[in-house]
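J.: Once you've had a glance at the structure underneath, I'll fire off some questions.
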Amino acid sequence: MATYEEIHGKRVETFSSDPTLDSSYEGQVWFNSTSGTLKTVVPSAAWSSSSPLSTTRAFAAGFGIQTASVAAGGNVPPHSNATEEYNGTGWSTEGNINTARAYIAGMGTQTAGLICGGEAPGTPASQATEEYNGTSWTSQNNLNAGRYALGGSGTQTAGLAFGGSSGSPPTTKALSEEYDGTSWTEGNNLNAANSYIVGTGIQTAAVKAGGGAPTGNQSENYDGTSWTNSGTLSQVQQGLGGCGVQTASIVFGGDNPTPGVLTVTENYDGSSWTTSPATLGTGGQGFAPAGTSTSAVAGGVYSPTIVGTTQEYNVSINTITAAAWASGGNLSTARRTLSGAGTQTAGLAMGGYAPPNPTASNASEEYDGSSWTAGGTMGNASYYGSGFGSQTAAVNIDGDSTIGSAPYPAATEEYDGSSWTAGGNVNNPAFGSASFGTLTAGVKATGHDGTDTTTKAEEYDGTSWTEVNVTPTQGYGMMGGGTQTAGLYRMGRQGPSPSYSNSTATSEYDGTNWTTGGTGLVGRRNIAGGGGTQTASWVASGYIASPNGENNCESYDGTSWATMPTLGTARYAAAGATQSPSSASLIFGGRNTANLSATEEFTGETTAVTAKTLTTS
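The sequence shown begins at 49 in this note's numbering and counts up by one.
Rendered as structure tokens:
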């Protein structure tokens with residue numbers, strides 16, 4: 049018998065504890081003498097959660113790779129024309145498809161995509177074909193036969209569409225068509241007509257899998273000319289997702305008449321299927337899938353209600369800990385319309401309003417990453433104020449001290465980590481301003497002066513405020529982040545009184561001029577929290593439609609806004625640690641049905657090489 053060293057060229061080393069692991073340990077085996085076990089680093093398959101779709105839907109078209117995918121159309125209901133792009137972390141919006149529809153086939157890449165067919169209002173079996181260039185969609189020549197719930201594979205210039213349903217009552221189809229970048233040509237049919245199927249591979253080496261009973265457990269291979277029956281899935285899987293190539297594909301989820309919603313994942317090697325130990329966190333049908341057999345993403349699902357969850361599949365030596373919000377220590381006093389400063393592990397809460405107390409608060413609290421403790425008492429109470437800086441060098445400005453009406457206090461207060469002292473007065477007192485920067489180099493912009501919203505902006509040098517160029521938009525109830533020479537604010541309520549609207553506008557500041565930044569995903573006012581830098585900013589919840597606040601969040605990369613994982617507690621009129629970036633955020637207080645003391649911390653996705661124990665039988 050050959051030894052391990054003879055086979056692999058490596059010895060089995062002995063350690064009293066597992067070594068510090070990195071990718072170089074992949075495939076290596078060692079003996080842990082303390083536990084008496086053999087250990088190794090080998091890839092394993094697992095699903096993990098990610099940021100949800102901005103528009104909740106199912107049965108959208110999906111294509112691309114895990115870190116650059118597209119979800120287009122789908123059923124909300126009603127039918128959607130929304131397009132979103134996934135960057136491996138969150139979803140951002142792009143140009144709408146020309147015809148809103150669901151149950152669409154998709155193929156190609158994020159910058160060269162193709163969709164066809166589907167179900168549209170008034171058109172139960174669409175022939176529509178559209179091409180995507182990474183920004184916008186262009187209508188192309190129609191399919192020869194309209195159908196929905198069809199399969200697709202290939203590229204924008206070499207696509208394949210097959211199966212599906214049409215008619216009333218619906219009739220499943222076996223028809224297969226090829227696309228050359230201009231027009232569709234009918235080819236040889238599938239061996240078995242079916243719909244709610246999935247396709248993987250390319251035009252000349254494709255796989256059809258799943259579908260409705262009775263043939264929904266079957267797969268077929270295409271060689272560019274004809275279809276041949278191939279391996280059998282473990283069960284009927286209707287409305288499943290899938291991705292990969294003909295010799296290395298995965299399919300997942302779906303629906304089965306007997307067990308119902310499925311979470312199963314199955315692997316295909318070109319001839320046979322095997323069930324993976326990895327199961328979906330949220331099963332169902334109608335995913336927007338993209339990626340490969342080892343690195344995939346699935347956006348949205350019908351389970352059995354429509355949800356916008358995003359799930360990632362990875363075969364890796366790493367254990368992936370999904371990005372998420374987690375509960376932190378509670379504020380000592382539940383309150384809303386407070387202001388914040390600092391970071392996730394050194395945060396500062398200032399002022400706010402805690403009914404039935406008829407006046408604003410002058411309390412501050414400090415956060416150490418675990419719990420809040422009382423900070424210095426502010427000289428002035430502050431309601432709907434604005435803060436910036438660090439825990440030991442913070443500024444609080446604006447707001448109202450009596451929860452009354454204008455004129456509002458012009459006072460600035462500075463905090464040194466122990467006590468508050470008076471700073472220079474602002475020139476334009478307001479409430480709901482955006483602010484950012486440091487104690488000696490800060491900015492405040494916009495707000496409501498008691499009569500109307502304003503476009504006025506000012507800079508602080510640690511002593512006095514100086515008016516600077518006005519902002520491109522007027523409004524209040526927003527967030528700010530960044531530095532005096534590289535900052536931004538995200539709008540809350542925009543427009544002159546009384547014609548306010550929830551805004552998605554972003555404005556960036558370079559120390560002199562304001563310019564328009566990326567458009568947010570959803571308009572919101574009384575933003576619950578936000579901060580970060582100009583290229584790593586975030587905004588959380590606020591008031592969008594629900595009087596109890598929201599739990600959705602967005603991150604900004606300096607160009608575009610994308611979805612983040614949702615908060616555990618919906619809220620509005622909360623505060624965030626304004627120096628905390630999108631990868632390590634902190635939010636606290638606010639209101640939903642009552643004033644809140646709840647604190648939440650956000651940590652971005654992490655990976656770690658993980659050792660596995662081998663049996664010694």
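The beta carbon of each residue, even a glycine, is placed where N, CA and C say it ideally should be. Bear in mind that the values here come from a model prediction, so they are computed numbers and not experimental data.
To the nearest angstrom, how far is it from the Cα of Asp66 to the Cα of Ser243?
T.: 50 Å
J.: Under the assumption that Gly347 contacts Tyr196 (Cβ atoms under 8 Å), give the Cβ distance between them as a whole number of angstroms.
T.: The beta-carbon distance between Gly347 and Tyr196, rounded to whole angstroms, is 19 Å. This is too long to meet the 8 Å contact definition.
J.: Between the Cα of Tyr270 and the Cα atoms of Thr313, Ala209, Gly264, which residue gives the shortest distance?
T.: Ala209
J.: Report buried or exposed for Phe107, applying the criterion of at least 16 other Cβ atoms within 10 angstroms of its Cβ.
T.: buried
J.: On the DSSP bridge list, what partners appear for Pro337?
T.: Ala346
J.: Using the rule of at least 16 other Cβ atoms within 10 Å of the residue's Cβ for burial, across every protein chain shown, is Arg59 buried or exposed?
T.: exposed
J.: On a Cα-Cα basis, can you pick out the residue from Leu487, Val518, Gly480, Gly287 that is closest to Met526?
T.: Gly480
J.: Where does Glu653 sit, in a helix, a strand or coil, going by DSSP?
T.: Residue state for Glu653 is assigned as coil, using DSSP reduced to three classes.
J.: Report yes if the C-beta distance between Thr177 and Asn189 is below 8 Å; otherwise report no.
T.: Thr177 places its beta carbon less than 8 Å from that of Asn189.
J.: Is it buried or exposed, Thr183, if we count other Cβ atoms within 10 angstroms and call 16 or more buried?
T.: exposed
J.: Would you call the CB atoms of Ala458 and Tyr537 closer than 8 Å?
T.: no
J.: For the pair the stretch 337-345 and the stretch 618-637, tell me if three or more CB-CB distances fall below 8 Å.
T.: no
J.: Given Glu360, which residues of its chain have a CB within under 6 Å of its CB, disregarding the five upstream and five downstream residues?
T.: Cβ neighbours of Glu360 beyond the five flanking positions: Ser96, Ser98, Val345.
J.: Compare the beta carbon distance of Ala646 and Gly577 with 8 Å and say whether it is the shorter of the two.
T.: no
J.: Can at least three beta-carbon pairs, one atom from the stretch 424-438 and one from the stretch 368-379, be found at a separation below 8 Å?
T.: no
J.: Identify which residue in Thr391, Ser430, Ala371 has its Cα closest to the Cα of Gly400.
T.: For the residues Thr391, Ser430, Ala371, the minimum Cα distance to Gly400 belongs to Ser430.
J.: Would you kindly work out how many angstroms separate the C-alpha atoms of Thr103 and Thr51, rounded to a whole number?
T.: 56 Å
J.: In the DSSP assignment, the beta strand (DSSP E) including Tyr463 goes from what residue to what residue?
T.: 460-463
J.: Near Leu662, what residues of its chain come up, given a Cβ to Cβ distance below 6 Å and the 5 sequence neighbours on each side ignored?
T.: Leu86, Thr88
J.: Can you tell me the Cα-Cα spacing of Gly495 and Thr554, whole angstroms?
T.: 15 Å
J.: Cβ of Gln522 within 8 Å of Cβ of Gly535?
T.: no
J.: Based on DSSP bridge pairs, tell me the residues matched to Leu662.
T.: Leu86
J.: For the beta strand (DSSP E) that contains Glu142, what are its first and last residues?
T.: 139-142
J.: Taking 8 Å as the threshold, find out whether the stretch 108-118 comes into contact with the stretch 385-392 through three or more Cβ pairs.
T.: no
J.: Would you give the residue range spanned by the alpha helix (DSSP H) that Tyr604 belongs to?
T.: Counting along the chain, Tyr604 falls outside any alpha helix (DSSP H), though it belongs to the beta strand (DSSP E) covering 601-604.
J.: Return helix, strand or coil for Ala575, following the three-state DSSP convention.
T.: The residue you asked about is not Ala; residue 575 is Ile in the sequence shown. Three-state result, Ile575: coil.
J.: Between Val363 and the rest of its own chain, which residues show a CB-CB distance below 6 Å, the 5 nearest in sequence each way excluded?
T.: Pro91, Ala93, Thr342
J.: So for Ile445, helix, strand or coil by DSSP?
T.: strand
J.: So, with DSSP's three-state summary, where would you put Ser71?
T.: helix
J.: Going by DSSP, name the residue or residues bridged to Tyr361.
T.: Answer by DSSP bridge pairing, in chain order: Trp95, Ala344.
J.: Would you check if the stretch 225-240 and the stretch 273-283 touch, i.e. whether three or more CB-CB distances between them fall below 8 Å?
T.: yes
J.: Just reading off the alpha helix (DSSP H) that Glu54 is part of, what are its end residues?
T.: 52-56
J.: In the DSSP assignment, what are the bridge partners of Asp509?
T.: The partner list for Asp509 (beta bridge, DSSP) is empty, contrary to what the question assumes.
J.: So if DSSP puts Leu634 in a beta bridge, which residue, or which two residues, is it bridged to?
T.: Glu649
J.: Can you list, in chain order, the residues of its chain whose CB lies under 6 Å from that of Gly437, leaving out five sequence neighbours each side?
T.: Ala389, Val443, Thr486, Leu487
J.: How is Phe9 classed by DSSP in three states: helix, strand or coil?
T.: Beyond the ends of the chain as shown, which are 49 and 665, falls residue 9; an answer cannot be given.
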